[in-house]
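Data block below; observations after.
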Amino acid sequence: MFEVGENADGILAGVLFLIWLSAAILATRLAWRPTPEALRKSARRLLRLLVAALVVLVVKCVAIGLMLAVDWIFADNRVIVQMPLLLLPMLAVAVWTVPGLRALANRDDAPVDVETRSAAANPRFVVPVQVTAVATVVGVYFAYVSRPVPSYLDDIATHAAPILLSVLVLWFWQGRRLRVVTATDFARRGRRASALRATAQAAVVVLVVAAGITYVAQSSRLPDRMTMTSHDNVDYGGGPSIGHGGHGGISVDDLRGPQTGKPNKAFTLTAKNATVRLSSGAEIKALTYNGQSPGPELRVREGDLVEVTLHNEIPDENVTIHWHGLDVPNGEDGVAGATQNAVEPGGSFTYRFLAEQVGTFWYHTHQNPLEAIRRGLFGALIVEPRDGPPPGERDFVVQAHEWRTPDDNIVSFGTSDTLQRQEVAPGTPVRLRLINTDNNPSTDSRPRALTVNGTPVRVAAIDGVDVNGPTPLTNPRFGLATGGRYDVTFTMPAGPVRLTDLANRDGGLVLAPPADASTPKIVDDGDHFDPLSYGSGGSRPFDAGSSYDRSFTQLLDDRLSFYNGGLHLVPIINGHSFPDTPTLMVRMDDLVKVRIVNRSHQNHPMHLHGHHALVLSRNGVRATGSPWWIDSLDVIPGEIYEIGFKADNPGLWMDHCHNLDHAANGMVMHLAYEGVTSPYELGRGTPNQPE
3 MFEVGENADG ILAGVLFLIW LSAAILATRL AWRPTPEALR KSARRLLRLL VAALVVLVVK
63 CVAIGLMLAV DWIFADNRVI VQMPLLLLPM LAVAVWTVPG LRALANRDDA PVDVETRSAA
123 ANPRFVVPVQ VTAVATVVGV YFAYVSRPVP SYLDDIATHA APILLSVLVL WFWQGRRLRV
183 VTATDFARRG RRASALRATA QAAVVVLVVA AGITYVAQSS RLPDRMTMTS HDNVDYGGGP
243 SIGHGGHGGI SVDDLRGPQT GKPNKAFTLT AKNATVRLSS GAEIKALTYN GQSPGPELRV
303 REGDLVEVTL HNEIPDENVT IHWHGLDVPN GEDGVAGATQ NAVEPGGSFT YRFLAEQVGT
363 FWYHTHQNPL EAIRRGLFGA LIVEPRDGPP PGERDFVVQA HEWRTPDDNI VSFGTSDTLQ
423 RQEVAPGTPV RLRLINTDNN PSTDSRPRAL TVNGTPVRVA AIDGVDVNGP TPLTNPRFGL
483 ATGGRYDVTF TMPAGPVRLT DLANRDGGLV LAPPADASTP KIVDDGDHFD PLSYGSGGSR
543 PFDAGSSYDR SFTQLLDDRL SFYNGGLHLV PIINGHSFPD TPTLMVRMDD LVKVRIVNRS
603 HQNHPMHLHG HHALVLSRNG VRATGSPWWI DSLDVIPGEI YEIGFKADNP GLWMDHCHNL
663 DHAANGMVMH LAYEGVTSPY ELGRGTPNQP E
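If you read the sequence shown in this note's numbering, its first letter stands for residue 3, the second for the next number, and so on.
Printed below as a string of structure tokens:
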């Protein structure tokens, strides 16, 4: 209902503007009608426009009601700010304009005298219509650009100001027109003067708008150098104010993994240009680790000391490695400009950390990731249990990706964009590790959808955390968040099993018994997998009713505006884009709750680095299945999630949308611990572009 109401409300804002603009033009010209018949026709046309505006207003109220039915927060800005600013001038129209307009619409064929024309040009008669037209302009600005967030006192003032100013300007202007109406030769001279004035006014408006657009575009450009802690928008979540870095703080460089000791597993990853060939024969000019994409699979055991040395041989690209979902120490997190400088061509960097979490993870660059991950700088990281995987289990890592070429976007599993087959003997335990390494499919605004056909399956883990009491699912439809992972398990049946990304129905993976060449039919109308109530059992260290040290709200939205010099549908958090988004400040061992509200037009898979959070509720409904731990949570329009986590990993952590075009356009914020500082900078004047 939210999406229907939101989309309808935006469209209706534009429709109201067009109606009231037409009404304002008619009302302004009404006194200049040359004959009684023309005057009556214009008055009746204006009345019809006012009736149409009333109908649209009623429909707009219904659209707002649909949003209110979901939650107050989805429509409170409209109720508190927008509607009063529309209704007040409309009330003035009803009181001052409509009675006179009805009289003009019903007048007889007597000549139009000066008294009648003066009444039709009276500011009290005309200005309410003109001001309502201005209010609808503010309404369009509200719907597409400003997107106010609580508290609304400042927004009421800033949105009301142009309307109040228009009252003064239009009253003065209409007063001058009233004097022209009384002139004997008004018809001839008034038209000529009106045309000249209209031309001059249009030229001034065009120049002012062009100058304003140029100024706003230039002022939106990001600084050449800045730090992740360079602004004052700090949110303490209702807890005590605490220091944001400063002298004597702990640097992210001090928050590293073990720097001594022989590693249990050591890897070298060399970033380089290479051509990657897909199974269809398509060739991709890719960015790779070790000449391949996806990069080499890094498979380690629980408790291993892992060392990864990164070399950069890409001549025109800086790189890092971020360990997505693995809660490493902050200095190993691989975020350019926050935890390290990006590795420039010819440079190296060594990461060292203990693999303390068992599960499916992945790695990717966090330097210009929108382009670099799309072009291939990613790979899988698997942490097996200390004693190894279950005996006899077949383990398949599936990395869903969308390759961009000059001619097409190609959806694939790794480099396989056609249907692939693997032999698996019946009775074999199978684990599919599903990883979404890209944005949503280009044709869909919802999470990437995958399905498994041919046998019931269980979801054994989400984002690297085991699910308790998983139950069988038949033909499930998995909405896999960007950056998210599902481990899906089953026992191989006597017939084939097919995994399909529904954005590429001709591709996929078929697991089949030896000599079985059949392929299961795609069934895409199965139940959507819902982790909120899936599974059972397992302990929760806290829940929705626990007492939290800090409680934050992330209000996700978007607006049409300039960002870094370009005009975009810019995603925002709490009314701001990076670097003005709020920093969530915590202390070590704080228990933290975050309410995530999506009232934008797009889904946002929010990814908090360095922590796993427990989903507490969705749209007011508590999580009732197995404890649902996430590091990548897809929040679709109209949804409200509450999540909680323990602040137990000190650092300066990114918290951003993993639809990376959204992050590149400013949907980035940070979780900062008391006293933690970073010596690194980002921006065009530095080697660091983390988004």
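The beta carbon of each residue, even a glycine, is placed where N, CA and C say it ideally should be.
Task: Own chain residues within Cβ distance below 6 Å of Phe188, not counting five before or after - done: Because Phe188 carries a pLDDT of 44, less than 50, the predicted location of this residue cannot be relied on, and no value is offered for it.
Open item on the list: Classify Asn235: buried if its beta carbon has 16 or more other beta carbons within 10 angstroms, exposed otherwise.
Closed with: Burial call: exposed.
Task: Cβ distance (whole Å) where Val678 is taken to contact Gly251 below 8 Å - done: 6 Å between Cβ atoms; contact.
TODO: Tell me where the beta strand (DSSP E) around Ala402 begins and ends.
DONE: That run of the beta strand (DSSP E) goes 396 to 406.
Task: For Tyr143, the first and last residue of its enclosing alpha helix (DSSP H) - done: Start and end: 125 to 143.
Open item on the list: Quick check on Trp74: does DSSP put it in helix, strand or coil?
Closed with: Three-state DSSP puts Trp74 in a helix.
Task: Rounded straight-line distance, which links the Cα of Val206 to that of Leu32 - done: In this structure, the CA atom of Leu32 is about 24 Å from the CA atom of Val206.
Task: Exposure of Lys741, with buried meaning 16 or more beta-carbon neighbours within 10 Å - done: Residue 741 falls outside the range modelled here, since the chain spans only 3 to 693, and no answer is possible.
Open item on the list: Checking 7 Å against the spacing of the C-beta atoms, do Val95 and Ala15 come in under that value?
Closed with: For Val95 and Ala15, no; Cβs fall outside 7 Å.
- [ ] Would you mind sorting Ser444 into buried or exposed? The rule is 16 or more other CB atoms within 10 Å of its CB.
- [x] Note that Ser444 has pLDDT 47, beneath the 50 cutoff, so the model's placement of it is unreliable and no number is given.
Task: Any 3 or more C-beta pairs closer than 8 Å across the segment 106 to 114 and the segment 29 to 47 - done: Three or more beta-carbon pairs separated by less than 8 Å link the segment 106 to 114 to the segment 29 to 47, which places the two stretches in contact.
Task: Expected contact under 8 Å - CB spacing of Pro478 and Thr453 to nearest Å - done: Sure, about 7 Å apart at Cβ, within 8 Å.
Task: First and last residue of the uninterrupted beta strand (DSSP E) at Met85 - done: Per DSSP, Met85 belongs to no beta strand (DSSP E); it is in the alpha helix (DSSP H), 85 to 94.
Open item on the list: Out of Tyr154, Thr99, Val139, which one is the CA nearest neighbour of Phe127?
Closed with: Comparing Cα positions, the closest option is Thr99.
- [ ] Have a look at the DSSP bridge pairing and note the partners of Cys63.
- [x] Looking at the DSSP assignment, Cys63 forms no beta bridge with any residue, so it has no partner.
- [ ] Consult DSSP for Glu425 and reduce its assignment to one of helix, strand or coil.
- [x] In this structure, Glu425 counts as strand in the three-state DSSP scheme.
Task: Whole-Å CB distance - Pro498 paired with Pro522, under 8 Å assumed - done: Confirmed, about 6 Å.
Open item on the list: Judging by CA-CA distance, which residue of Leu513, Met608, Val467 is the nearest neighbour of Thr430?
Closed with: Across the set Leu513, Met608, Val467, the C-alpha of Leu513 shows the shortest separation from the C-alpha of Thr430.
Task: Segment limits, alpha helix (DSSP H) that includes Leu23 - done: Residue range 4 to 31 is occupied by the alpha helix (DSSP H) that includes Leu23.
Open item on the list: Alpha carbons only, please: which of Thr30, Ala159, Gln342 is nearest the one belonging to Leu684?
Closed with: A check of alpha carbon separations from Leu684 across Thr30, Ala159, Gln342 identifies Gln342 as the nearest.
- [ ] With DSSP collapsed to three states, give me the class of Phe174.
- [x] Three-state DSSP puts Phe174 in a helix.
Open item on the list: What does the Cβ neighbour count give for His530, buried or exposed, with the cut at 16 atoms within 10 Å?
Closed with: In this structure His530 is exposed. Its beta-carbon is surrounded by fewer than 16 other beta-carbon atoms within 10 angstroms.
Task: Exposure label - Arg686; buried when at least 16 CB within 10 Å - done: Exposed: under 16 other Cβ atoms inside 10 Å.
Open item on the list: Relative to the C-alpha of Pro225, which candidate in Arg597, Pro639, Ile642, Asp582 has its C-alpha closest?
Closed with: Pro225 has its Cα closest to that of Asp582, out of Arg597, Pro639, Ile642, Asp582.
Open item on the list: Pairs of beta-carbons, one from the segment 621 to 640 and one from the segment 403 to 410, closer than 8 Å: are there three or more?
Closed with: In this structure the segment 621 to 640 does not lie against the segment 403 to 410, because fewer than three pairs of beta carbons, one per stretch, are closer than 8 Å.
Open item on the list: With H, G and I counted as helix, E and B as strand and the rest as coil, what does DSSP make of Arg301?
Closed with: Arg301: strand per DSSP, three-state reduction.
- [ ] Please report the Cβ distance between Ala2 and Ile645, rounded to the nearest whole angstrom; I am assuming they are in contact, meaning their Cβ atoms lie under 8 Å.
- [x] Residue numbering for the chain in the displayed model covers 3 to 693; residue 2 lies beyond these limits and cannot be assessed.
Open item on the list: Please give the ranges of any beta strand (DSSP E) in the segment 549 to 585, keeping only runs that are unbroken, at least 3 residues long and fully inside the region.
Closed with: Contiguous beta strand (DSSP E) elements confined to the segment 549 to 585 occur at 552 to 565, 568 to 575, taking only those with 3 or more residues.
Task: Every unbroken beta strand (DSSP E) inside the segment 334 to 409 [3 residues or more] - done: Every unbroken stretch of the beta strand (DSSP E) spanning 3 or more residues and falling wholly within the segment 334 to 409 is given here in chain order: 350 to 356, 361 to 366, 380 to 386, 396 to 406.
Task: Selection from Ala382, Leu271, Val617, Leu18 that minimises the alpha carbon distance to Met85 - done: The candidate whose alpha carbon is nearest that of Met85 is Leu18.
Open item on the list: Arg258 and Gly333 - do their beta-carbons sit closer together than 7 Å?
Closed with: Between Gly333 and Arg258, the C-beta gap is smaller than 7 Å, which places the two residues in contact.
TODO: Run the CB neighbour count on Gln261, radius 10 Å, all protein chains shown included, and call it buried at 16 or more, exposed below.
DONE: Exposed: under 16 other Cβ atoms inside 10 Å.
TODO: Figure out for me which residue from Val61, Leu482, Ala137, Arg178 has the closest Cα to the Cα of Leu90.
DONE: Among Val61, Leu482, Ala137, Arg178, the Cα nearest to that of Leu90 is on Ala137.
- [ ] Can you say whether Arg191 is buried or exposed, counting buried as having 16 or more other CB atoms within 10 angstroms of its CB?
- [x] At Arg191 the pLDDT is 46, less than 50, meaning the model places this residue with poor confidence; the figure from the coordinates comes in the next sentence. Exposed, by the Cβ-count rule.
Task: DSSP-derived helix/strand/coil call for Gly510 - done: Here DSSP, grouped into helix, strand and coil, assigns Gly510 to strand.
Open item on the list: With a threshold of 6 Å on Cβ separation, who are the neighbours of Gly336 within its own chain once the five nearest residues in sequence on each side are excluded?
Closed with: Excluding positions up to five away in sequence, the list reads Thr322, Ile323, His324, His368.
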